[in-house]
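Engineer: Let me begin by handing over the structure; questions about it come next.
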Amino acid sequence: MSAEETRNFRSSYYEKVGFRSVEEKKSIEILLKEKPLDISKLKQFSLRFTVPQMYRNLMWKLLLGVISPHVESHSFIMDQRTQEYNDLLEALKSMRIVTSDLPKHHIFLIMWLLQTGNLKLDWKSQLEDPPYQNLLLISSALLNMFDNDVDIFWISKGFFQYVAKFYACVNILVETTLKSLEREDQELHSHLKKVQALKSIPFTTWYCSCFAGLLKDPALAKIWDKLVGGSCKILVFVAIRVLTTMRRRLILLDSSDAVVDSLCDISEETAEMIANKAIEQWQQSGSPLTPASHPDGLKPHAANQRLKGFATLYS
1 MSAEETRNFR SSYYEKVGFR SVEEKKSIEI LLKEKPLDIS KLKQFSLRFT
51 VPQMYRNLMW KLLLGVISPH VESHSFIMDQ RTQEYNDLLE ALKSMRIVTS
101 DLPKHHIFLI MWLLQTGNLK LDWKSQLEDP PYQNLLLISS ALLNMFDNDV
151 DIFWISKGFF QYVAKFYACV NILVETTLKS LEREDQELHS HLKKVQALKS
201 IPFTTWYCSC FAGLLKDPAL AKIWDKLVGG SCKILVFVAI RVLTTMRRRL
251 ILLDSSDAVV DSLCDISEET AEMIANKAIE QWQQSGSPLT PASHPDGLKP
301 HAANQRLKGF ATLYS
């Protein structure tokens with residue numbers, strides 16, 4: 001085992017037995033005692049560390065703008081959020097859209113579309129559009145992370161809006177991923193290119209779903225800590241780690257379909273390894289800490305009108 005592999009294993013082991021989490025828990029508790037809360041410091045914490053599970057709901061609501069930095073207003077704000085949630089739900093019931101067999105993650109997305117004035121009469125066909133299929137994956141994953149429907153809806157909305165902000169820049173993320181893969185593992189890049197898998201791997205879905213549906217929830221939560229902290233470039237590092245971690249299997253496959261199918265079968269243990277290595281590499285690269293007008297300062301291609309339209313509509 002190389003020195004780097006030993007260090008990665010040791011870091012992962014320490015985190016599993018709770019040594020690192022104790023120190024991080026103390027740090028976040030100090031930050032959460034400030035009045036008002038310093039959102040900038042909380043973002044820095046989210047970018048630098050894994051948010052302890054017991055504080056993740058609160059942190060994500062703060063960083064996604066669901067609640068304000070003023071702690072004394074949290075109860076009032078959540079009362080208002082709950083009332084709005086109930087009003088949207090009742091409206092959909094009155095419209096006979098919500099039925100007992102409609103999955104919750106579908107309901108959350110439809111509520112958001114109604115709230116933003118973008119729900120179409122033919123909403124079933126609307127949800128079949130790729131952008132909305134990706135958003136459904138996000139809210140479905142959040143249902144496994146939290147147990148309060150009101151919180152899940154508002155956190156989902158925060159993620160939907162975040163994805164909309166960088167949706168126009170997805171092509172840039174894909175280009176960056178392919179160039180980075182070629183630099184890091186030329187053999188794997190050449191093989192995937194030879195079997196025409198690079199055109200088939202669903203990078204756009206990976207990025208617009210923030211890897212929901214591909215990686216298991218514990219690993220996903222670590223990655224999403226960085227997203228809510230303000231950096232979508234972490235997604236590029238995750239994609240690279242997915243491919244390089246699976247390289248032994250991928251290098252033996254001789255068709256694009258086989259590659260795509262293989263990438264859909266990632267165990268929880270492998271997902272955890274992917275997340276840890278991606279975050280480590282992202283941090284070593286400088287881990288961009290603050291977004292500009294587009295996350296991480298990305299700017300969309302001027303010609304990409306369809307993606308720009310989606311971003312403008314929901315930002």
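Each step along the sequence shown adds one to the number in our numbering, with nothing skipped, and position 292 is 292.
Heads up, the beta-carbon is just placed ideally off N, CA and C, and yes, glycines get one too.
Fair warning: this is a prediction, and the values are worked out from it, not measured in the lab.
1. State the Cα-Cα distance for the pair Met54 and Val228, rounded to the nearest angstrom.
2. Does the Cβ-Cβ distance between His105 and Leu64 come in under 8 Å?
3. Would you mind working out which of Arg241, Leu121, Ile110, Gln283 sits nearest Trp154, comparing C-alpha positions?
4. Can you say whether Leu194 is buried or exposed, counting buried as having 16 or more other CB atoms within 10 angstroms of its CB?
5. If you check the beta carbons only, do Ile152 and Lys222 fall under 8 Å apart?
6. Below 8 Å CB to CB, which residues in the same chain sit around Val259 once its five sequence neighbours on both sides are set aside?
7. Please work out which residues of its chain come closer than 7 Å, Cβ to Cβ, to Phe49, disregarding the five sequence neighbours upstream and downstream, and give them in chain order.
8. Can you tell me whether Gln281 is buried or exposed? The criterion is at least 16 other CB atoms within 10 Å of its CB, across all chains shown.
9. Please name the residue or residues paired with Ala212 in a DSSP beta bridge.
10. Which of the three DSSP states, helix, strand or coil, is assigned to Asn148?
11. Once the 5 residues before and after Ser255 are set aside, which same chain residues still bring their CB inside 7 Å of it?
12. Under the three-state reduction of DSSP, which class applies to His70: helix, strand or coil?
13. Select from Gly158, Ile30, Lys33, Ser100 the residue whose C-alpha is nearest the C-alpha of Ile67.
14. Expressed to the nearest angstrom, what Euclidean distance is found between the alpha-carbon atoms of Ile240 and Asn57?
15. Would Arg96 and Leu188 be called neighbours here (beta carbons separated by less than 8 Å)?
16. Going by DSSP in three states, Phe49 sits in which element: helix, strand or coil?
17. Since Val238 and Phe211 should fall inside the 8 Å C-beta cutoff, what is the C-beta to C-beta distance between them, to a whole number of angstroms?
18. What's the C-alpha gap between Leu127 and Ile107?
19. Using a Cβ-Cβ cutoff of less than 6 Å, which residues in the same chain neighbour Ala275 once the five nearest sequence positions on both sides are dropped?
20. Restricting to Cα atoms, I'd like to know which of Lys93, Ile30, Ser209 is closest to Val163.
21. If you check the beta carbons only, do Phe160 and Trp112 fall under 8 Å apart?
22. Since I believe Met59 is in contact with Ser46 (beta carbons under 8 Å), could you give me their beta-carbon distance rounded to a whole number of angstroms?
23. Closest by CA to Ser180, which one among Asp217, Asn134, Val242?
24. What does the Cβ neighbour count give for Leu313, buried or exposed, with the cut at 16 atoms within 10 Å?
25. Consider the Cβ of Arg241: report whether some Cβ of chain D lies at a distance smaller than 8 Å.
26. What does a CB cutoff of less than 6 Å around Thr204 pick up in its chain, not counting 5 residues either side in sequence?
27. Ordered along the chain, which non-local residues of its own chain (more than five positions away) have a Cβ less than 8 Å from that of Ala141?
28. For Phe166, is the classification buried or exposed, using 16 other Cβ atoms within 10 angstroms of its Cβ as the cut-off for buried?
29. What residue ranges within the stretch 80-158 form continuous alpha helix (DSSP H) runs of no fewer than 4 residues, ordered along the chain?
30. Can you tell me whether Thr177 sits near the ligand ATP, meaning its C-beta is under 7 Å from at least one heavy atom of the ligand?
Structural biologist: The answer reads as follows:
1. Residue 54 sits at position 54 when you count from the first residue of the sequence shown. Residue 228 sits at position 228 when you count from the first residue of the sequence shown. Taking the straight line from one Cα to the other gives about 16 Å.
2. As a working mapping, residue 105 is identified with position 105 in the sequence shown. As a working mapping, residue 64 is identified with position 64 in the sequence shown. Not a contact, by the Cβ cut-off of 8 Å.
3. Walking along the sequence shown from the start, residue 154 turns up at place 154. Cα-wise, what sits closest to Trp154 is Ile110.
4. Counting from one through the sequence shown, the residue named residue 194 turns up at place 194. One detail in the question is off: residue 194 reads as Lys in this sequence, not Leu. The residue is exposed, with fewer than 16 neighbouring Cβ atoms inside 10 Å.
5. By one-based count along the sequence shown, residue 152 stands at place 152. By one-based count along the sequence shown, residue 222 stands at place 222. For Ile152 and Lys222, no; Cβs fall outside 8 Å.
6. To locate residue 259, count along the sequence shown from 1; it is residue 259. Excluding residues within five positions, the ones whose Cβ falls inside 8 Å are Leu192, Val195, Ala197, Ser200, Ile201, Leu250, Leu253.
7. Locating residue 49 in the sequence shown gives position 49, counting from the first residue. The residues are Glu24.
8. Along the sequence shown, read from residue 1 onward, the residue named residue 281 stands at position 281. Label assigned to Gln281: buried.
9. To locate residue 212, count along the sequence shown from 1; it is residue 212. Answer by DSSP bridge pairing, in chain order: Leu215.
10. To locate residue 148, count along the sequence shown from 1; it is residue 148. DSSP places Asn148 in coil when its eight states are reduced to three.
11. Walking along the sequence shown from the start, residue 255 turns up at place 255. Only Val195 meet the Cβ criterion.
12. Numbered from its first residue, the sequence shown carries residue 70 at position 70. Residue state, collapsed to three classes: coil.
13. Locating residue 67 in the sequence shown gives position 67, counting from the first residue. It is Gly158 whose Cα lies nearest to the Cα of Ile67.
14. Here the question's residue 240 lines up with position 240 in the sequence shown. Here the question's residue 57 lines up with position 57 in the sequence shown. The alpha-carbon atoms of Ile240 and Asn57 are separated by roughly 28 Å.
15. Taking the sequence shown and counting its residues from 1, the one referred to as residue 96 is at position 96. Taking the sequence shown and counting its residues from 1, the one referred to as residue 188 is at position 188. With a cutoff of 8 Å on beta-carbon distance, Arg96 and Leu188 are scored as not near each other.
16. On the sequence shown, position 49 is the one that residue 49 refers to. In this structure, Phe49 counts as coil in the three-state DSSP scheme.
17. Here residue 238 is taken as the residue at index 238 of the sequence shown, counted from 1. Here residue 211 is taken as the residue at index 211 of the sequence shown, counted from 1. At roughly 6 Å, the Cβ-Cβ gap stays under 8 Å, so Val238 and Phe211 are in contact.
18. Locating residue 127 in the sequence shown gives position 127, where the first residue counts as 1. Locating residue 107 in the sequence shown gives position 107, where the first residue counts as 1. Roughly 11 Å separates the two Cα atoms.
19. Translated into positions along the sequence shown, residue 275 becomes position 275. So the list reads Ala219, Lys222, Ile223, once near-sequence residues are dropped.
20. On the sequence shown, position 163 is the one that residue 163 refers to. Checking every option, the nearest Cα to that of Val163 belongs to Ser209.
21. Within the sequence shown, residue 160 is the residue found at index 160, counting from 1. Within the sequence shown, residue 112 is the residue found at index 112, counting from 1. Closer than 8 Å, so yes.
22. Stepping through the sequence shown from its first residue, residue 46 is reached at position 46. Stepping through the sequence shown from its first residue, residue 59 is reached at position 59. About 6 Å separates the two Cβ atoms, so the contact holds.
23. Working through the sequence shown from its first residue, we reach residue 180 at position 180. Here the closest residue by C-alpha is Val242.
24. Indexing the sequence shown from 1 puts residue 313 at position 313. In this prediction, Leu313 has a pLDDT of 47, which is less than 50 and means its spatial position is unreliable; nothing more can be read from the coordinates.
25. Here chain D cannot be found, since the structure has a single protein chain.
26. The residue labelled residue 204 in the question sits at position 204 within the sequence shown. The answer, listed in chain order, is Val170.
27. By 1-based counting over the sequence shown, the position of residue 141 is 141. Here Ala141 has Ala212, Gly213, Asp217, Leu220 as same chain residues with Cβ atoms under 8 Å from its own Cβ, once five neighbours each way along the sequence are excluded.
28. Taking the sequence shown and counting its residues from 1, one reaches residue 166 at position 166. Flag for Phe166 reads buried.
29. Qualifying alpha helix (DSSP H) stretches, in chain order: 104-115, 123-126, 130-145.
30. Although the ligand ATP was asked about, the structure shown includes no ligands whatsoever.
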